[in-house]
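J.:
And the structure:
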């Protein structure tokens, strides 16, 4: 128990916490959006993320990167990163949409209980994880370092490297775009309508099945973008990566108030920072214990998370 | 297709059961129980499992899953509390037996109630604050609890750390059954006895006040509370009864495999048991057992698919849930009416 490390390394820990939080947020948004419209935990969302990381690695190997070349010039790196992010979001987005059709749609139309959907999603999650595990032979897949990770500038103990700046900057752009989409487009209106009251939305002429498909697509695309950032930052993936990231992202979504977009953002950053601080003080091993204890405490005081439920309330 | 999804074997059998006399029912019960006790003695190539001995499959996962699924069914199926961390109780039971068995001279039969008590205590500690929450919030807290127990076990050197505990004593011989000689059959019979006792207890409770309270809570918690059901009290009871069964399962398991590691008690096991409950038919004890037997048995039977068996298994779960959303053997129709979307 050495609390002085928080003080001495405060800036560095905070920066890392924000970067990790930004990645969590991109995944957590998928949980929250789907929860908003369907009121169920999309258990297989973590596998959507995992397949995104796999496709990111696949793109680099198709482009002929082996991991031993010199860092690319900035412009070329951006072009390649955009290609990777684009592919990952296409893959994740289409997996998410397929998942909805295969694992959820029929059950939903028959009015089955939410637990049945949960088990169906768990089955889909087993399936995807195992396929990925067999395809990769349970090995770690490494992402080539294409970016010079030397510090760009420094504030106190925090070294702002190019990859961290990329993650933070990219995430901010994505959040603004998502916010604009939810609040100022017809599709966003449809999503908000369905999450507020599905039946009334149908009466108002909203094509609910279509809106739900789009919601899964958006959630998948966000997870795909998140996986591209994840790969640039962590540079390695495995077939169980979805579980590890997914559980934190889901916790973050619940922490902020599941179904609430701003809640997912707040929860992710709070969780990311918190994990960094506790890992520094108590050691990495105890990180998740403290995370869950804090989650329990928060939910006891505010039973619907920090910012409360529903997409509707988050409109502002 | 719709005929297939609506068909409930219970309707066929239920009529016969309702009309049967007490003697006929008694005979039927005895036959079923006898068949289950005789299972490890059979040597049938059709039900035999390739590559793993059928007798050890009978103990783990078959009867072990059944015991845990019956326990979890009280929580999830009867009172509608989504528990994603059931493995925590299993772990607590296993560790209690391991620690007391190694450190003290108590034998298995003396430790079993203590293990159940420890699991119940954990249920109270977690349940009192957590059961005030609902639905998915409760789900994530129970999930967190399962992970916390596992991580604490990994990080606490006093209970073996990540290497776990070894040299756990097997139960002493009883009724001519010798435990701990590598023969899984006595353990199967022991667990089967526990399963029968638990089923008997749960059926008793279901027909009495707690059962009606659980049913009311599951259908609509607010209405139940308005009607004067003390919801927190009955939810807590469901939670700790489920916990006690999980603890008992853990103690038996630890006494059979003789060494435990924290990694055995991971989230996948919780999910697996929950899948047994939902797959078989939530709330219906026979459905739950059918689910546990099938989900325990299939991966072993599918060993010829070797690496691909979990792939196939996941696919099967999706297909089955789509065909029969209420499980293979759903609860009675009048009980389904109130099922919330």
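Residue numbers (our numbering), protein chains in the order written: chain A, -14 to 301; chain B, 22 to 362.
We put the CB at the ideal spot given by N, CA and C, even for glycine.
Nothing here was measured: the structure is a model prediction, and the numbers come from that model.
Helix or strand or just coil, what does DSSP make of residue 208(A)?
T.: Three-state result, residue 208(A): helix.
J.: With 8 Å as the threshold, decide whether the Cβ of residue 302(B) is near any Cβ in chain C.
T.: Given the protein chain composition of this structure (A and B), no chain C is represented.
J.: Taking beta-carbon pairs under 7 Å, can you tell me which members of the region 86 to 102 of chain A lie near chain B?
T.: Those would be 87, 88, 91, 92, 95, 96, 97, 98, 100 and 101, in chain order.
J.: In chain A, what lies closer than 7 Å to residue 296(B) by C-beta?
T.: Those are 104 and 107, listed as they occur along chain A.
J.: To the nearest whole angstrom, what separates the beta carbons of residue 98(B) and residue 304(B), a pair I think is in contact under 8 Å?
T.: Confirmed, Cβ separation roughly 4 Å.
J.: Hey, out of -10(A), -3(A), 32(A) and -4(A), whose CA is closest to residue 229(A)'s CA?
T.: Residue 32(A) is the option with its Cα nearest to residue 229(A).
J.: For a test of the three-state rule: what should DSSP assign to residue 107(B), helix, strand or coil?
T.: DSSP places residue 107(B) in coil when its eight states are reduced to three.
J.: Measure the alpha-carbon distance for residue 269(A) versus residue 82(A) and round it to whole angstroms.
T.: Whole-angstrom Cα-Cα distance: 35 Å.
J.: Just to check my reading of the structure: residue 217(A) and residue 126(A) have Cβ atoms closer than 8 Å, yes? What is that Cβ distance to the nearest angstrom?
T.: With a Cβ gap of about 14 Å, residue 217(A) and residue 126(A) do not count as contacting.
J.: Any C-beta of chain B sitting closer than 8 Å to the C-beta of residue 270(A)?
T.: So, interface residue.
J.: Can a CB atom of chain B be found closer than 8 Å to the CB of residue 197(A)?
T.: No - not a single Cβ of chain B is within 8 Å of the one on residue 197(A).
J.: Give me the residue from 337(B), 297(B), 260(B) and 270(B) with the minimum Cα distance to residue 149(B).
T.: The residue with the shortest Cα to Cα distance from residue 149(B) is 260(B).
J.: What are the partner residues of residue 136(A), as DSSP defines its beta bridges?
T.: BP columns for residue 136(A) point to 146(A).
J.: Which of helix, strand or coil does DSSP assign to residue 59(A)?
T.: Correct three-state label for residue 59(A): helix.
J.: If you run the structure through DSSP and keep just helix, strand and coil, what is residue 187(B)?
T.: Here residue 187(B) sits in coil by DSSP.
J.: Quick check on residue 221(A): does DSSP put it in helix, strand or coil?
T.: Correct three-state label for residue 221(A): strand.
J.: Bridge partners of residue 126(A), per DSSP?
T.: Beta-bridge pairing links residue 126(A) to 222(A).
J.: Closer than 8 Å, CB to CB, is residue 86(B) near chain A or not?
T.: By this cut-off, residue 86(B) is not an interface position.
J.: Decide yes or no for the touch test of the region 161 to 181 of chain B against the region 89 to 107 of chain B: beta carbon pairs closer than 8 Å, at least 3 of them.
T.: Verdict: yes, contact present.
J.: Taking DSSP as the reference, what is the three-state secondary structure of residue 281(B)?
T.: Residue 281(B) falls in the strand class under three-state DSSP.
J.: Which two residues bound the contiguous alpha helix (DSSP H) that contains residue 45(A)?
T.: Here the alpha helix (DSSP H) through residue 45(A) covers 30 to 47.
J.: Identify the contact partners of residue 239(A) in chain B, using a Cβ-Cβ distance below 8 Å as the criterion.
T.: Within 8 Å Cβ-Cβ: 157, 158 and 161.
J.: Quick one: list the residues of chain A neighbouring residue 176(B), beta-carbon separation under 9 Å, in chain order.
T.: Chain A residues near residue 176(B): 268, 270, 271 and 274.
J.: With three or more beta-carbon pairs closer than 8 Å as the criterion, would you say the region 152 to 161 of chain B touches the region 236 to 256 of chain A?
T.: Segments in contact, yes.
J.: Along the alpha helix (DSSP H) that carries residue 344(B), what are the first and last residues, could you check?
T.: It spans 330 to 344 - the alpha helix (DSSP H) in which residue 344(B) sits, taken as one unbroken run.
J.: I want to see whether chain A comes within less than 8 Å of residue 89(B), judged by CB atoms only; does it?
T.: Residue 89(B) does not count as touching chain A.
J.: Label residue 254(B) either buried or exposed according to how many other C-beta atoms from any shown protein chain fall within 10 Å of its C-beta, with 16 as the threshold for buried.
T.: Exposed: under 16 other Cβ atoms inside 10 Å.
J.: Just to confirm before moving on: does the CB-CB distance between residue 129(A) and residue 51(A) stay below 8 Å?
T.: Contact: yes.
J.: Would you kindly report the start and end of the unbroken alpha helix (DSSP H) that includes residue 210(B)?
T.: Its alpha helix (DSSP H) spans residues 206 to 228.
J.: The alpha helix (DSSP H) with residue 352(B) in it runs from where to where?
T.: Residue 352(B) -> no alpha helix (DSSP H), and no H or E assigned at all.
J.: In chain order, what residues of the same chain lie with their CB nearer than 7 Å to the CB of residue 137(A), ignoring the 5 residues before and after it?
T.: Excluding residues within five positions, the ones whose Cβ falls inside 7 Å are 145, 146, 147 and 150.
J.: Just to confirm, is the Cβ distance from residue 236(A) to residue 185(A) under 8 Å?
T.: The answer is no: Cβ separation not under 8 Å.
J.: On the premise that residue 108(A) lies in contact with residue 336(B), defined as a C-beta separation below 8 Å, what is that separation, rounded to the nearest angstrom?
T.: Residue 336(B) to residue 108(A), Cβ: 7 Å. Contact.
J.: Taking a contact to mean a Cβ-Cβ separation below 8 Å, would you say residue 36(A) touches residue 117(A) in this structure?
T.: Yes, these two residues count as a Cβ contact at 8 Å.
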